[in-house]
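Structure, as structure tokens:
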Amino acid sequence: MIPVTQPYLPCLKKYKRYIDSIYVSKMITNRGQYLVELENRLKEYLDVKHVICTSNGSLALQLIFKAFELSGSVITTPFSFAATSSTLSWEGLKPVYADIESKTLNISPSKIESNISNSVSAIVATHVYGNPCDLRKLSLLAKKHQLRLIYDAAHAFGVQKDGVSILAEGHASALSFHATKLFHTIEGGAVVTNDDDTAQSIRTLMNFGLTNQMASGLPGTNAKMNEFEAAMGLCVLDDIEIIFEKRMEIWERYVLSLGDYVSFQQWEESSDNNYSYAPIIFKSETELLCVQKTLSDMGVQGRRYFYPSLDTVYSSEEALSCNVSQDISRRIFCLPLYPTLTSSQQSIIINTILEALV
Ligand SMILES: *Cc1c(COP(=O)(O)O)cnc(C)c1O
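Mapping of the sequence shown onto numbering that gives the first Met the number 0: position 108 corresponds to residue 107, and the numbering continues sequentially without gaps.
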């Protein structure tokens with residue numbers, strides 16, 4: 000059995016030393032020393048002003064929507080994980096879907112512009128599989144129409160464009176540190192922003208809306224990360240360069256072996272790939288289903304990610320127009336990619352796909 004993903008588990012001895020120390024301090028949550036240490040190290044590593052760790056990436060998104068007091072509708076991408084849309088509905092916001100670009104798989108700036116109306120208060124864009132959105136055009140659009148620009152950066156840990164972190168873009172970004180993500184804290188996430196006031200609002204909202212430990216009437220929630228999770232993050236962060244290297248090796252072999260038979264996402268210029276996922280695009284859904292079945296017979300798991308296109312499930316509009324997203328989501332398939340995938344396992348995957356295709 001070869002799973003589509005496997006969480007990175009750091010040295011157990013090292014993690015146990017952290018747990019021993021947590022047992023001594025008896026500080027297991029509420030902004031303990033490891034959480035503070037993790038936030039400081041991430042701030043430095045990601046080269047951003049504020050990193051506020053949360054209990055997961057979905058709550059990071061939701062906290063951003065609350066902090067900006069969004070209302071009405073929000074323009075977002077139909078090609079993303081369910082959480083990008085479900086967190087909007089949790090805040091009573093109506094998603095308006097702008098279709099994606101067929102090559103980069105990111106939200107199309109021109110489709111955003113044609114969907115802007117008086118009821119729109121923000122743009123929520125996903126850096127799909129870590130590929131940076133058209134940052135310049137999105138920023139211009141947000142300024143021109145006075146909209147909040149929020150990035151779902153769940154896949155974009157460590158990605159830079161022209162040597163600058165893309166996490167500093169827009170008004171705020173949400174990261175996910177779920178076990179299946181490139182960098183993880185078991186469950187977890189973070190809000191990233193360069194704005195001091197936004198950071199302060201997020202910190203208040205994620206802790207019940209308390210100010211000076213007293214109720215303030217703000218609609219706060221509980222989104223704290225605990226010390227066991229923060230300690231896991233510290234251990235995984237120690238190994239992050241090895242994680243990147245292993246993933247890159249695997250990803251490059253997929254491209255080399257399968258490049259003539261399937262297509263790959265087009266990467267944004269002068270940006271690095273963080274090798275979060277290994278999505279391949281088939282010519283048709285029939286081809287995908289045939290390969291998926293053959294792989295599954297060999298005990299290889301893959302994942303139809305993202306499928307289905309979110310406009311088909313979160314929108315009640317009769318005339319759905321996100322044709323590109325709907326088409327891609329029927330043909331895209333993520334292959335196993337994680338540091339412990341062995342070379343012989345990858346050979347099985349590649350050979351099975353080639354046999355099914357030819
Ligand atoms: C994983 C993911 C999320 C949700 O993050 P959680 O930490 O699992 O809550 C949101 N958006 C995208 C694009 C994701 O991949």
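Positions of the beta carbon are idealized from the N, C-alpha and C atoms, including for glycine.
Going by DSSP in three states, residue i sits in which element: helix, strand or coil?
{"i": "residue 194", "result": "coil"}
{"i": "residue 134", "result": "helix"}
{"i": "residue 241", "result": "helix"}
{"i": "residue 153", "result": "coil"}
{"i": "residue 171", "result": "strand"}
{"i": "residue 335", "result": "coil"}
{"i": "residue 201", "result": "helix"}
{"i": "residue 220", "result": "coil"}
{"i": "residue 341", "result": "coil"}
{"i": "residue 83", "result": "helix"}
{"i": "residue 2", "result": "coil"}
{"i": "residue 291", "result": "helix"}
{"i": "residue 312", "result": "helix"}
{"i": "residue 262", "result": "strand"}
{"i": "residue 352", "result": "helix"}
{"i": "residue 106", "result": "strand"}
{"i": "residue 40", "result": "helix"}
{"i": "residue 303", "result": "coil"}
{"i": "residue 119", "result": "strand"}
{"i": "residue 67", "result": "coil"}
{"i": "residue 347", "result": "helix"}
{"i": "residue 298", "result": "coil"}
{"i": "residue 185", "result": "coil"}
{"i": "residue 129", "result": "helix"}
{"i": "residue 54", "result": "coil"}
{"i": "residue 90", "result": "coil"}
{"i": "residue 61", "result": "helix"}
{"i": "residue 364", "result": "Because the chain is modelled from 0 through 357, residue 364 falls outside the range shown and cannot be assessed."}
{"i": "residue 357", "result": "coil"}
{"i": "residue 283", "result": "coil"}
Going by DSSP, name the residue or residues bridged to residue i.
{"i": "residue 213", "result": "210"}
{"i": "residue 232", "result": "DSSP output for residue 232 lists no bridge partner at all."}
{"i": "residue 10", "result": "BP columns for residue 10 are empty, so no partner."}
{"i": "residue 321", "result": "The partner list for residue 321 (beta bridge, DSSP) is empty, contrary to what the question assumes."}
{"i": "residue 49", "result": "192"}
{"i": "residue 32", "result": "Answer is none; residue 32 lacks a bridge partner."}
{"i": "residue 278", "result": "333"}
{"i": "residue 160", "result": "163, 270"}
{"i": "residue 96", "result": "75"}
{"i": "residue 23", "result": "In DSSP, residue 23 forms no bridge with anything."}
{"i": "residue 179", "result": "None, per the DSSP bridge assignment."}
{"i": "residue 124", "result": "150"}
Which same chain residues, not among the five before or five after residue i, have their C-beta less than 7 angstroms away from its C-beta?
{"i": "residue 5", "result": "337, 339"}
{"i": "residue 28", "result": "223, 225, 226"}
{"i": "residue 321", "result": "77, 96, 98, 308, 310"}
{"i": "residue 61", "result": "86, 89, 90"}
{"i": "residue 262", "result": "280"}
{"i": "residue 217", "result": "203, 204, 208"}
{"i": "residue 355", "result": "289, 290, 293"}
{"i": "residue 190", "result": "51, 53, 59, 62, 63, 171, 173, 201"}
With residue i and residue j assumed to form a contact (beta carbons below 8 angstroms), what rounded beta-carbon distance in angstroms separates them?
{"i": "residue 168", "j": "residue 134", "result": "5 angstroms"}
{"i": "residue 369", "j": "residue 7", "result": "Nothing can be reported for residue 369: it is not among the residues displayed for the chain, which extend from 0 to 357."}
{"i": "residue 232", "j": "residue 184", "result": "4 angstroms"}
{"i": "residue 229", "j": "residue 14", "result": "No, residue 229 and residue 14 are not in contact; Cβ-Cβ is about 12 angstroms, not under 8 angstroms."}
{"i": "residue 108", "j": "residue 314", "result": "Residue 108 to residue 314, Cβ: 20 angstroms. No contact."}
{"i": "residue 83", "j": "residue 125", "result": "6 angstroms"}
{"i": "residue 181", "j": "residue 242", "result": "7 angstroms"}
{"i": "residue 0", "j": "residue 298", "result": "5 angstroms"}
{"i": "residue 278", "j": "residue 264", "result": "6 angstroms"}
{"i": "residue 47", "j": "residue 164", "result": "6 angstroms"}
{"i": "residue 106", "j": "residue 257", "result": "About 27 angstroms; that fails the 8 angstroms criterion."}
Beta-carbon within less than 6 angstroms of residue i's beta-carbon, same chain only, minus the 5 sequence neighbours each way: which residues are those?
{"i": "residue 101", "result": "323"}
{"i": "residue 329", "result": "284"}
{"i": "residue 115", "result": "144"}
{"i": "residue 413", "result": "Because the chain spans 0 through 357 in this model, residue 413 falls outside it and cannot be assessed."}
{"i": "residue 200", "result": "66"}
{"i": "residue 304", "result": "333"}
{"i": "residue 325", "result": "308"}
{"i": "residue 64", "result": "90"}
{"i": "residue 275", "result": "128, 129, 154, 181"}
{"i": "residue 300", "result": "2, 3"}
{"i": "residue 71", "result": "118, 120"}
{"i": "residue 302", "result": "3, 333"}
{"i": "residue 192", "result": "49, 171, 198"}
Keeping to the same chain, check which residues put their C-beta closer than 8 angstroms to that of residue i; ignore five residues upstream and five downstream.
{"i": "residue 138", "result": "148, 168, 169"}
{"i": "residue 69", "result": "90, 92, 120, 121, 147"}
{"i": "residue 186", "result": "54, 55, 176, 177, 178, 228"}
{"i": "residue 21", "result": "27, 31, 33, 226, 227, 230"}
Contact set, ligand 1 heavy atom to C-beta under 6 angstroms: 55, 56, 57, 79, 80, 82, 83, 125, 151, 153, 154, 175, 177, 188
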